[in-house]
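The sequence shown runs contiguously to residue 487 in the working numbering. Below: the structure, in structure tokens.
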Amino acid sequence: MKLSFLGATGTVTGSKYLLEDGKEKFLVDCGLFQGLKDLRLRNWSPLPVDPGRISGVVLTHAHLDHSGYIPRLVKEGFRGHIYCSEATFDLCKIILPDSGHIQEEDAERANRYGYTKHKPALPLYTAEEARASLEYFHPVDFGKRHALGEFLEFTLHRAGHILGASLIRMTDGGTSVLFSGDVGRLHDPVMKSPVAIEQADYLLVESTYGDRLHDKSDPMEDIEAIVTRTIGRGGTVLIPAFAVGRAQALLYYLYKLKAEGRLSEQLPVYLDSPMAINVTELLHKHLNDHRLPRELCADVCGVAEYVRTAQASKALDQVETHMPSVIVSASGMATGGRVLHHLKRYLGDARNTVLMAGYQAAGTRGDRLVRGEKEIKIHGAMYPVRAKIDKLDNMSAHADYSEILEWLGHFKEPPRRTFVTHGEPDAAKALRDRIEDTLGWNAEVPEYLETVEL
Ligand SMILES: [Zn+2]
Numbered sequence: 034m035k036l037s038f039l040g041a042t043g044t045v046t047g048s049k050y051l052l053e054d055g056k057e058k059f060l061v062d063c064g065l066f067q068g069l070k071d072l073r074l075r076n077w078s079p080l081p082v083d084p085g086r087i088s089g090v091v092l093t094h095a096h097l098d099h100s101g102y103i104p105r106l107v108k109e110g111f112r113g114h115i116y117c118s119e120a121t122f123d124l125c126k127i128i129l130p131d132s133g134h135i136q137e138e139d140a141e142r143a144n145r146y147g148y149t150k151h152k153p154a155l156p157l158y159t160a161e162e163a164r165a166s167l168e169y170f171h172p173v174d175f176g177k178r179h180a181l182g183e184f185l186e187f188t189l190h191r192a193g194h195i196l197g198a199s200l201i202r203m204t205d206g207g208t209s210v211l212f213s214g215d216v217g218r219l220h221d222p223v224m225k226s227p228v229a230i231e232q233a234d235y236l237l238v239e240s241t242y243g244d245r246l247h248d249k250s251d252p253m254e255d256i257e258a259i260v261t262r263t264i265g266r267g268g269t270v271l272i273p274a275f276a277v278g279r280a281q282a283l284l285y286y287l288y289k290l291k292a293e294g295r296l297s298e299q300l301p302v303y304l305d306s307p308m309a310i311n312v313t314e315l316l317h318k319h320l321n322d323h324r325l326p327r328e329l330c331a332d333v334c335g336v337a338e339y340v341r342t343a344q345a346s347k348a349l350d351q352v353e354t355h356m357p358s359v360i361v362s363a364s365g366m367a368t369g370g371r372v373l374h375h376l377k378r379y380l381g382d383a384r385n386t387v388l389m390a391g392y393q394a395a396g397t398r399g400d401r402l403v404r405g406e407k408e409i410k411i412h413g414a415m416y417p418v419r420a421k422i423d424k425l426d427n428m429s430a431h432a433d434y435s436e437i438l439e440w441l442g443h444f445k446e447p448p449r450r451t452f453v454t455h456g457e458p459d460a461a462k463a464l465r466d467r468i469e470d471t472l473g474w475n476a477e478v479p480e481y482l483e484t485v486e487l
């Protein structure tokens, strides 16, 4: 087998590994590059391999940095099967068309304001093209061997992280390769722990938090304190939240706090994001993919009133009737979505709290709020920030380095080679050093487009 790193080297985005076995070519993950412009431009350059000659794709999970290039791959001629777990497929049905929609909006905006050297600016793919790519998906069960082409077999094992997330163990007769995808937390209240793996000849391991440890505080206590303080002064807690994963974890904590009498049963909670609502409903369908039993799952999802229509969402901005309350709304970094309308109405009142619930990329509105800026621009106008700004640092869906090392500790003997990917350069090097020092394995950080013989 030959393995080439077509993404997730020196960055946490663009996950794409090309596996060549004899004449056949396969991709493990097919993600978008995101973030800085130099990275995003890579989405536009042709792959080093003709998509029409790729026989199949196996996906670890549905996050766009692992699945978001699929519609483009199909647009460029890919006609093989895309294998993934059932829940990953269900999430891709929500996430990929939405991604196409955002690409179309971005292209339209670029054309309208003329900030493009391409005339006209085009979307990487459209919502329609994303929907068309769903026809190539073939969901498979966890824990069973599935044939891939003539010589390969793969097995999906649960990785925690988000609904449907998988570790992929690929074998070619005698040789095995484990792709970690994104490794979840070892003790998450909603998601299961990543399955312990005892053997692989080659290993690719992610390093998003290769140089960091998560805050040890209990998110539930933090949320209780913040919500209690805010409603005590008659305010509303507005939480910009990622629709996949984070929004559901927040509902879980809010439910528990109410069930334990730590928050009032009467406090209204709203989930205001069609995507987050659709993802939340998948929890019921995929009960085996998380820790919540059927009844508890229904109770957790029932803690919030679902706000589906734009009209109902606008009604939340009649502030006097919606204070105090908790509003969970996307997007998570306040870069777009319905939360912007709520920010306009709630930011200016010192009784309210805006609670950032996850990682805020540099330069985003969420980042500016966390850094304490006194005025924020939304839809071209400036809004004063008088609400309290808070953040939760302990709700990550990624294992930190101590959790990764603990998970790797299940290996009975070291892999022949360990490739540390999916991290910023410092994080990847830090995890490589820790694997060498703590486990005594040889580990390396591959370069973009590097090819290795397995
Ligand atoms: Zn992920």
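Note that CB positions come from ideal geometry on N, CA and C, so glycine has one too.
Exercise for the section: List in chain order the residues whose CB is within less than 5 angstroms of at least one heavy atom of ligand 1. Expected result: Every residue passing the under-5 angstroms Cβ criterion appears here: His-96, Asp-215.
Exercise for the section: Mind reading off the beta-carbon distance from Leu-315 to Asp-123? Whole number of angstroms is fine, and I expect it under 8 angstroms. Expected result: 5 angstroms
Problem - Neighbour-count burial assignment, Ser-48, 16 or more Cβ in a 10 Å radius - result: buried
Handout entry: Glu-254 versus Arg-450, Asp-426, Asp-433, Asp-71, residue with shortest Cα-Cα distance
Key = Asp-426
Exercise for the section: Assess, as a yes-or-no matter, whether the stretch 357-364 is touched by the stretch 297-312 under the definition of 3 or more beta carbon pairs within less than 8 angstroms. Expected result: As far as the Cβ criterion goes, the stretch 297-312 touches the stretch 357-364, which means the pair count is three or higher.
Problem - Sequence ranges, alpha helix (DSSP H) only - wholly within the stretch 448-476, length at least 4 - result: Counting only runs that start and end inside the stretch 448-476, the alpha helix (DSSP H) elements of at least 4 residues fall at 458-467.
Problem - Through-space distance from Asp-248 to Thr-46, alpha-carbon basis - result: 24 angstroms
Handout entry: For Gly-89, three-class secondary structure by DSSP
Key = strand
Handout entry: Segment contact flag, the stretch 372-392 with the stretch 257-273, C-beta cutoff 8 angstroms, min 3 pairs
Key = yes
Handout entry: Below-7 angstroms beta-carbon distance, Ala-463 vs any chain B residue
Key = Looking for chain B here will not work: only one protein chain is present.
Handout entry: Of the listed residues Leu-441, Pro-153, Cys-330, His-375, nearest to Ser-306 (C-alpha basis)
Key = His-375
Practice task
Pair every Cβ in the stretch 184-197 with every Cβ in the stretch 393-403, then say whether three or more of these pairs are closer than 8 angstroms.
Solution key: Segments in contact, no.
Exercise for the section: Report yes if the CB atom of Ala-463 is closer than 7 angstroms to the CB atom of Glu-469, and no otherwise. Expected result: no
Problem - Span of the beta strand (DSSP E), counted from its first residue to its last, around Lys-424 - result: 421-424
Exercise for the section: Ignoring anything shorter than 4 residues or poking outside the stretch 236-312, list the alpha helix (DSSP H) runs there in chain order. Expected result: 252-265, 279-292
Practice task
Excluding the 5 residues preceding and the 5 following Ser-37 in the sequence, name in chain order all residues of the same chain whose CB lies nearer than 6 angstroms to its CB.
Solution key: Leu-51, Thr-484
Problem - Other residues of its chain near Leu-246: CB distance less than 8 angstroms, five sequence neighbours each side excluded - result: Asp-433, Tyr-434, Ser-435
Handout entry: Beta-carbon gap between Val-91 and Ser-240 smaller than 7 angstroms
Key = no
Problem - Per-residue DSSP class, three states only, for Tyr-158 - result: coil
Exercise for the section: Check whether the Cβ atoms of Glu-406 and Lys-35 sit closer than 7 angstroms, and answer yes or no. Expected result: no
Practice task
Note down the Cα distance separating Glu-480 from Asp-62, rounded to an integer number of angstroms.
Solution key: 17 angstroms
Practice task
May I have the straight-line CA-CA distance separating Trp-440 from Asp-221, to the nearest angstrom?
Solution key: 14 angstroms
Practice task
Could you check what DSSP says for Ile-135 in three-state terms: helix, strand or coil?
Solution key: helix
Problem - Residue nearest to Lys-152 in terms of C-alpha spacing, selected from Ala-461, Asn-144, Thr-159 - result: Per the Cα distances, Asn-144.
Problem - First through last residue of the alpha helix (DSSP H) which encompasses His-99 - result: 97-100
Exercise for the section: Taking the CB atoms as reference points, tell me whether Tyr-339 and Ile-310 lie closer together than 7 angstroms. Expected result: yes
Exercise for the section: Could you tell me the distance, in whole angstroms, from the CA atom of Val-478 to the CA atom of Leu-236? Expected result: So the two alpha carbons sit approximately 12 angstroms from each other.
Problem - Asn-76, buried or exposed, once every other Cβ within 10 Å from all chains shown has been counted against 16 - result: buried
Handout entry: Cβ-based burial, Glu-353 [other Cβ within 10 Å; buried from 16]
Key = It is exposed - the Cβ of Glu-353 has fewer than 16 other Cβ atoms within 10 Å.
Problem - Own chain partners of Leu-65 with C-beta closer than 7 angstroms, once the 5 adjacent residues on each side are dropped - result: Thr-46, Gly-47, Asn-76, Leu-97, Asp-98, Gly-101, Tyr-102
Practice task
Give the straight-line distance between the Cα atoms of Thr-42 and Ala-461, rounded to the nearest whole angstrom.
Solution key: 9 angstroms
Exercise for the section: Identify, in the order they occur along the chain, each residue of the same chain with its Cβ nearer than 6 angstroms to the Cβ of Thr-159, setting aside the five sequence neighbours on each side. Expected result: Gly-133, Glu-137
Exercise for the section: Determine the direct distance from the alpha carbon of Val-173 to that of Gly-182, and round the result to whole angstroms. Expected result: 15 angstroms
Exercise for the section: Could you please give the first and the last residue of the uninterrupted beta strand (DSSP E) stretch that includes Val-201? Expected result: Note on identity: in this sequence residue 201 is Ile, with Val being the wrong assignment. Annotation for Ile-201: the continuous beta strand (DSSP E) segment containing it runs 199-205.
Handout entry: Span separating the alpha-carbon of Met-224 from that of Ala-430
Key = In a straight line, the C-alpha of Met-224 is about 9 angstroms away from that of Ala-430.
Handout entry: Inter-residue spacing [alpha-carbon to alpha-carbon] between His-412 and Glu-162
Key = 29 angstroms
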